[in-house]
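K.L.:
Residue numbers (full-length UniProt numbering): 1 to 332.
#1: Evaluate residue 261 with the Cβ neighbour count: other Cβ atoms within 10 Å of its Cβ, from every protein chain shown; 16 or more gives buried, anything less gives exposed.
#2: Looking at the strands, I want to know which residues DSSP matches up with residue 172.
#3: If we ignore side chains and look at the alpha-carbon of each, how far apart do residue 167 and residue 310 end up?
#4: Let me know if residue 149 comes out buried or exposed under the rule of 16 or more other beta-carbons within 10 Å of its beta-carbon.
#5: Just list the residues that DSSP pairs residue 29 with in beta bridges.
#6: Measure from the alpha carbon of residue 134 to the alpha carbon of each residue in 210, 80 and 154, then state which is nearest.
#7: Please classify residue 179 as buried or exposed, where buried requires at least 16 neighbouring CB atoms within 10 angstroms.
#8: Quick one: is the Cβ of residue 116 within less than 7 angstroms of any heavy atom of the ligand ATP?
#9: Whole alpha helix (DSSP H) runs in the segment 73-123 with 4 or more residues, listed along the chain?
#10: For residue 313, count the other beta carbons within 10 Å of its own beta carbon; 16 or more makes it buried, fewer makes it exposed. Which is it?
#11: Where does residue 244 fall in DSSP's three states?
#12: Shortest alpha-carbon distance to residue 202 belongs to which of 212, 40, 223 and 185?
#13: What are the start and end residues of the alpha helix (DSSP H) that includes residue 147?
#14: Is residue 12 near residue 76, with beta carbons less than 8 angstroms apart?
#15: Could you tell me the boundaries of the beta strand (DSSP E) in which residue 204 lies?
#16: With three or more C-beta pairs closer than 8 angstroms as the rule, is the segment 120-128 touching the segment 274-286?
#17: Tell me, which residues are paired with residue 215 by DSSP?
#18: Only counting the same chain, and skipping five residues up and downstream in sequence, which positions put a Cβ closer than 7 angstroms to that of residue 41?
#19: Quick check on this structure: which residue in 325, 74, 163 and 39 has the alpha carbon closest to the alpha carbon of residue 4?
#20: Taking contact to mean 3 or more Cβ pairs, one atom from each stretch, closer than 8 angstroms, check whether the segment 52-64 and the segment 101-115 are in contact.
#21: CA-CA distance, residue 113 and residue 307?
#22: Could you tell me if residue 8 is buried or exposed, where buried requires 16 or more neighbouring beta carbons within 10 angstroms of its beta carbon?
#23: By the DSSP assignment, the beta strand (DSSP E) with residue 266 in it spans what residues?
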């Protein structure tokens, strides 16, 4: 197939492009606006006869229409996705996550093209720390932030375009990703790079907030499975049973890098900080036969730490500007 990947120079998008090149014979076009979170270096080394790059905005209807006409399928990763940024300035999240997704759906409608929409478990809100339940495809939406509310809105647009116009779309909602090529503003790479620079990691609040972690390569394999086998109109939750609280994650990072497990600082908590995310991915496993490769979070985290240790040239240019933002917000 000829696959268009929106946001393919971002974290999970670029991991998906690498996955496609390594595991299939599909050709790929990456459409990316190259905001601060997009990085062409994340696509370095990929064969030019398999991967093409187009710089552009998913809200540019003319460009989107032209690109859709030359592809067999679209996987839509492009999104504003950092919660802290959404609290400081919600408008870009509306422009990209709502208007951008609308623009893509209209092109998918015109060209009758297979469309897969990438979303997040944050649309479901959060769970109590001692709640035995997990999110399922039937969990009601209850977003907490401008980020998660705009992703919830984009999900609902996809569902409406499937039902109203017959768009050939599926949706996946995934738990928190970690792995190579993730911007250092995000939790795991920020803590890793702080320790590599001889600085102390930072934890919001008391560090008890729980996330359900999945390696980006497992997310990629799940998306490819849904693209190939998923039922049109269906939603699939992607998770790898990787629940850890933030304190545990930081302690694992410190230990892996040879530091004392308690060598971190607590900072002011994020407003509206969700307590716990937890994914039930049994539908995806049962109906489509998918299973994660990185079942051991500690092993996947060690591999991620090794990548950041070996690729300082990739993350160092982002680091100072990121830390300056945190200092300005009082969360340094």
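Beta carbons are placed, not taken as given, at the ideal position from N, Cα and C, and that holds for glycine.
P.N.:
On the basis of the supplied data:
#1: Counting C-beta atoms within 10 angstroms of its own C-beta, residue 261 has fewer than 16 neighbours from the protein chains shown and is therefore classed as exposed.
#2: Residue pairing by DSSP places residue 172 opposite 118 and 236 in a beta bridge.
#3: Roughly 43 angstroms separates the two Cα atoms.
#4: Per the 10 Å Cβ criterion, buried.
#5: In DSSP, residue 29 forms a bridge with 4 and 52.
#6: The shortest C-alpha separation from residue 134 is found at 210.
#7: With a 10 Å radius around the Cβ and a threshold of 16 neighbouring Cβ atoms, residue 179 comes out buried.
#8: The ligand ATP is not among the ligands present in this structure, which contains no ligands whatsoever.
#9: Those alpha helix (DSSP H) runs which fall completely within the segment 73-123 and span 4+ residues are 83-88 and 101-111.
#10: Around the Cβ of residue 313, a 10 Å sphere holds fewer than 16 other Cβ atoms; the residue is exposed.
#11: If DSSP states are grouped into helix, strand and coil, residue 244 belongs with the strands.
#12: Cα-wise, what sits closest to residue 202 is 185.
#13: That run of the alpha helix (DSSP H) goes 146-165.
#14: Not a contact, by the Cβ cut-off of 8 angstroms.
#15: Where residue 204 is concerned, the enclosing beta strand (DSSP E) stretches over 202-204.
#16: In short, these stretches touch, since the Cβ pair count reaches three.
#17: According to DSSP, residue 215 bridges with 178.
#18: Counting only Cβ-Cβ distances below 7 angstroms, and skipping sequence neighbours, we find 314.
#19: Minimum Cα distance to residue 4 is reached at 74.
#20: Because the criterion of three Cβ pairs below 8 angstroms is met, the segment 52-64 and the segment 101-115 touch.
#21: So the two alpha carbons sit approximately 36 angstroms from each other.
#22: Residue 8 is buried by the Cβ-count criterion.
#23: Segment 265-267, the beta strand (DSSP E) holding residue 266.
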